[in-house]
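J.: First the structure, then my questions, so here it is.
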Amino acid sequence: MPITTFVAMILSAVVASGLTVLAFMKWGAMTVLPVMIVLALLARWGLATVPADDGHA
216 MPITTFVAMI LSAVVASGLT VLAFMKWGAM TVLPVMIVLA LLARWGLATV
266 PADDGHA
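Residue numbers (the numbering used here): 216 to 272.
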């Protein structure tokens, strides 16, 4: 993994956590939690295991 990709992943995690804390402080847990659950489910669906393609090129 190139160092720029690694740094981008770390930065995006820090920014996402900061935005989450800001959203919790501004709108409260009852508004933010359902949105976070939906985003987590979408991410899980998007990153789901894809069947292997073992065919010849």
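Ideal Cβ placement from N, Cα and C applies to all residues, glycine included.
These figures come from a predicted structure and were not determined experimentally.
Could you tell me which of A255, D269, G270 sits nearest to A263, measuring between CA atoms?
T.: Checking every option, the nearest Cα to that of A263 belongs to A255.
J.: My output table needs one value for L237: the three-state DSSP class, helix, strand or coil.
T.: L237: helix per DSSP, three-state reduction.
J.: Under the assumption that V229 contacts F239 (Cβ atoms under 8 angstroms), give the Cβ distance between them as a whole number of angstroms.
T.: Wrong, their Cβ atoms sit about 16 angstroms apart, outside the cutoff.
J.: Helix, strand or coil for A255, going by three-state DSSP, please let me know.
T.: In the structure shown, A255 sits in a helix (DSSP, three-state: H, G or I).
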